[in-house]
DNA sequence: AGGAAACCTTAATATAAACTTACAGCTTGA
DNA sequence: TCAAGCTGTAAGTTTATATTAAGGTTTCCT
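Residue numbers (my numbering), protein chains in the order written: chain A, -10 to 212; chain B, -10 to 212.
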């Protein structure tokens, strides 16, 4: 996700930019405030962080200019603190308003919420677990390895999920069975073995034959 | 626009409700806090205002419950004031956070911004959903594929809409039934199967026989 | 090394989830 | 008021997946 930062205070600009990059965002920082529109058009960012107090024209002005051509999500920053400033920001076409000084955690959280709302399709691609090249998609019950994929059944999926949640520690068979079937008394010991085997076979087809290790007498583990 | 208000403080509830109505919103106020889900399902509001401190379960809990079946815009209210509360609210699936006491102007402005962002399709007149060549018209319940079309019944339409809204993720049968019939206890399990079959038949006639995939034991999915 | 417990493999069988088809009660509108 | 279409129910069938069973390995301990 590409974020455009429009902020004239160098300290804040750098701090915000750095933190966002640490979080995996791509950033575009404005340094020449008369070229905001060019930069916006060239980079086509997914979200804009806009300070209100700027040299020459203010943030509202630029928001207006941008809104003429785009519905990009926009969060205003400002040290002003009257309700009128918030109301203004929203009415000018902004999506949120954060008062300075602010916590970066809050900015990130608000950005994520807004991005989720705007680009909701991205949400579905984010609920996954990963380990050593194997990606387990929690939404559609698929495992991926590189460009290969395989469908898991309900039980296989649960087993893999439990093992990945506990990666690095041994999960013993009894515990596993209790999670899978609640009353372990009524299902055969061997049922788990067979399910593990099926899961291993599918992982093997993805080239990860030894993803799950047996610890004899103790249980299974993903290392 | 219909707004659901979940707030146990009677003074605030009435004040908010009155003001919203003065602004032309339709309001639904929760009075029995164990019936939030029923009310939500029955009214299907466009936005939810959610207090965090509630009797028995808190606002985060109900947010989670609602998020299992809906992406409705949600604004949290709370008198707590640490940055962590804001971050929590966003991470739980909220869109915004307003600290009490607040100005009604601010609430209204934030609501409007969020509604504008969420329902922007209303402005652009593109009341359709599209995926993989299938276009669902939200106005008249028609599906299009290329130059072919087919009329859907109410139930078929809802099923397809729910699946398309959640494309890429498995929607389990129970959740589906809860959305379709509110009180799942009174309709047969098989009714859903039959409706899915009828919908599939129509999609099949448009040449999209395998648009909806069954994940046995898990639910249905559009990939 | 030898034996036993723990685990694996394969294939047959059972089971419950989902599908199909047919039908009857309702609505709706001509 | 009667036909047409929507909707849910029922009964019987299919099918994906879980389970059982039987015989084969591996591992580890004495």
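Using N, Cα and C, we set each Cβ at its ideal position, and we do this for glycine too.
For residue 119(A), DSSP records a beta bridge to 124(A). Unbroken alpha helix (DSSP H) runs of no fewer than 4 residues, entirely contained in the stretch 82 to 110 of chain A, are found at 93 to 107, following chain order. At a beta-carbon threshold of 7 Å, the residues of chain B lying near residue 75(A) are 95 and 98, ordered along the chain. The shortest CA-to-CA distance from residue 72(B) to any of 91(A), 82(A) and 77(A) is the one to 91(A). For residue 160(A), no alpha helix (DSSP H) run applies, since DSSP gives it neither H nor E. Residue 67(B) holds the alpha-carbon nearest to the alpha-carbon of residue 1(B) among 101(B), 84(B) and 67(B).
Look at residue 197(A) here: in three-state DSSP terms it is coil, with no helix or strand label. Beta bridge pairing from DSSP links residue 134(B) with 123(B) and 137(B). Cβ atoms of residue 43(A) and residue -3(A) come within 8 Å of each other, at about 5 Å. Going by C-alpha positions, residue 30(B) is about 20 Å away from residue 84(B). The C-beta distance from residue 36(B) to residue 104(B) rounds to 6 Å, short enough to meet the 8 Å contact threshold.
Residues are counted here when their Cβ sits less than 9 Å from a Cβ of chain A; for the stretch 20 to 50 of chain B the count is zero. Runs of the alpha helix (DSSP H) lying entirely within the stretch 18 to 55 of chain B, each at least 4 residues long, are 25 to 32 in chain order. In the displayed model, residue 211(A) falls within coil according to three-state DSSP, outside both helix and strand.
For residue 207(B), the nearest CB of chain A lies under 8 Å from its own CB, placing it at the interface with that chain.
If you look at residue 142(B), you'll find it isn't in any beta strand (DSSP E); DSSP assigns it neither H nor E.
The bridge partners DSSP lists for residue 15(A) are -9(A).
From the beta-carbon of residue 159(B), the residues of chain A found nearer than 8 Å are 128, 129 and 130. Ranked by Cα distance from residue 128(B), the options 147(B), 120(B), 135(B) and 121(B) are led by 147(B). Residue-level contact check: residue 108(A) does not touch chain B, since none of the beta carbons of chain B fall below 8 Å from its beta carbon. Around the beta carbon of residue 108(B), fewer than 16 other beta carbons sit within 10 angstroms, so the residue counts as exposed.
Proximity of residue 70(A) to chain B, defined by a Cβ-Cβ separation below 8 Å, is not satisfied. Using beta-carbon distances, residue 153(B) does not count as an interface residue toward chain A, since no partner is under 8 Å. Chain order gives the chain B residues near residue 101(A) as 79 and 80, where near means a beta carbon separation below 9 Å. Residue state for residue 78(A) is assigned as helix, using DSSP reduced to three classes. Around residue 83(A), the beta-carbon contacts reaching into chain B at under 8 Å are 102. For chain A, the residues of the stretch 177 to 208 of chain B that bring a beta carbon within less than 7 Å of one of its beta carbons are 204, 206 and 207, in chain order. Chain-order list of chain A residues neighbouring residue 212(B): 129, by C-beta distance under 8 Å. Contact note: residue 60(A) reaches chain B through 109, using a C-beta cutoff of 7 Å and chain order. Separation of residue 192(B) and residue 175(B) (C-alpha to C-alpha, rounded to the nearest whole angstrom) is 28 Å.
Here the C-alpha atom of residue 19(A) lies approximately 19 Å from the C-alpha atom of residue 60(A). The C-beta of residue 143(A) comes closer than 8 Å to at least one C-beta of chain B.
For residue 58(A), no beta strand (DSSP E) run applies, since DSSP gives it neither H nor E. Here residue 64(B) is bridged, per DSSP, to 38(B) and 85(B). The beta carbon of residue 58(B) sits closer than 7 Å to those of 164, 167 and 168, all from its chain and outside the five residues before and after it, given in chain order.
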